[in-house]
Amino acid sequence: MSLLWLRVAVLLYGIAALAVLPAALYSRPRWRHVAVPAALAGVFFHFVALVEILYAAHRALPVDTHETLSMLGLLLAAAFLVLAAKYRTVSFGIFLLPIAVLLTIVPAFRPGHETIAYPFVGTLWLFLHVALLLAAYAALFLSLIASLLYLIQERRLKQKRAGQPRTWLPPLETTDQIALRSLLFGLPCMTAGLLIGSVIALQTIGPAFFADPKVLLSFAMWIAYMLMIFIRRHSGLRGRRAVYLSSFVFLVVLAVWAANQLSAVHRFKAP
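Counting with the working numbering, you get residues 6 to 276 for the letters of the sequence shown.
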């Protein structure tokens with residue numbers, strides 16, 4: 006049944022992704038009443054599916070690539086709902102919902118069978134480690150999207166086209182708030198996730214864990230994340246430069262994911 010619920014979630018995300026286009030781009034509020042409930046129902050069925058998958062496997066966290074990507078898709082869809090409720094904008098759904106579909110469709114139709122390379126998969130602390138880091142990745146991606154939308158809206162203003170009625174883009178101030186608050190939300194998540202993972206690693210593997218390339222890249226990612234927030238807060242960085250900075254940190258995140266293939270202990274492996 007878990008795969009059925011996951012496929013229902015993919016269908017609902019797809020409906021929401023299509024409905025958000027006329028709602029945002031053409032200012033059709035009726036489509037908003039389709040997009041938001043469909044996304045909400047998709048998040049519900051996605052959550053139920055994930056809980057059933059983990060319960061059936063007798064563990065408390067995703068341990069293969071497909072399950073991890075599915076959980077990330079759930080977080081992005083939930084972020085869309087939070088923005089729609091708090092800021093009354095569905096513009097971010099143009100980006101977030103299709104990505105949620107892409108991240109969820111593979112686990113829904115081709116579930117993975119990988120296991121994690123280290124033995125402590127049953128602990129609540131490891132679940133927090135995974136969940137907090139995924140929340141930080143989602144926050145960083147949301148900040149990148151907000152920075153891109155800020156750049157687009159800023160260009161419209163310079164070209165004096167922002168006076169067009171009912172623009173689909175949020176105001177510059179709102180977009181900048183979302184970008185910065187996403188980073189500020191992601192920082193404690195990333196910090197706590199890395200600290201929890203470090204403590205678990207010291208207790209199970211020992212100091213040799215910190216020579217692993219994935220671990221080293223993870224701490225480099227945290228430093229880059231810290232520098233990005235510091236620069237944004239103290240220099241008022243916005244627009245094109247903010248996009249470049251967010252893109253750089255996002256590339257570091259992708260490098261961390263790719264480092265799973267080079268990691269001796271911190272990676273997913275086939276049974």
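Glycine included, every Cβ here is placed at the ideal spot set by N, Cα and C.
Sub-9 Å separation of residue i and residue j beta-carbons
i: C194; j: L129; result: no
i: A143; j: G202; result: no
i: A105; j: S148; result: no
i: R37; j: A24; result: yes
i: A84; j: L101; result: yes
i: V220; j: A197; result: no
i: A113; j: L8; result: yes
i: A54; j: V39; result: no
i: F50; j: L17; result: yes
i: V48; j: L77; result: no
i: A140; j: L80; result: yes
i: E72; j: W10; result: no
i: M226; j: V204; result: no
Buried versus exposed, by CB contacts within 10 Å (16 or more), residue i
i: V15; result: buried
i: F97; result: buried
i: P212; result: exposed
i: L232; result: exposed
i: H134; result: buried
i: A216; result: exposed
Residues near residue i in its chain [Cβ-Cβ closer than 7 Å; skip 5 each side]
i: L177; result: Y155, Q158, E159
i: A89; result: V41, V95
i: P103; result: A22
i: S152; result: A184, A247, V248, S251
i: A136; result: none
i: I110; result: V15
Assigned secondary structure, residue i (DSSP; H/G/I helix, E/B strand, else coil)
i: S203; result: helix
i: V126; result: Reliability fails at V126, whose pLDDT of 47 lies under 50, so the model's placement of it is uncertain and the value that follows must be treated cautiously. Here V126 sits in coil by DSSP.
i: G98; result: helix
i: I228; result: helix
i: D181; result: helix
i: L55; result: helix
i: I210; result: coil
i: A17; result: Here residue 17 is Leu; the residue named in the question, Ala, does not match the sequence. Of the three classes helix, strand and coil, the one that applies to L17 here is helix, per DSSP.
i: S32; result: coil
i: Y92; result: coil
i: Q158; result: helix
i: V258; result: helix
i: P175; result: coil
i: R115; result: coil
i: P170; result: Only weak support exists for where P170 lies, its pLDDT of 45 falling under 50; the coordinates are left without a value.
Own chain, CB closer than 8 Å to residue i, minus 5 neighbours either side, in chain order
i: L145; result: S187, L188, G191, Y230, S251, V254, F255, V258
i: P175; result: Y92, T94, S96, L154, Q158, I183
i: I150; result: F97, F100, L101
i: Y60; result: none
i: L162; result: L177
i: R238; result: L185
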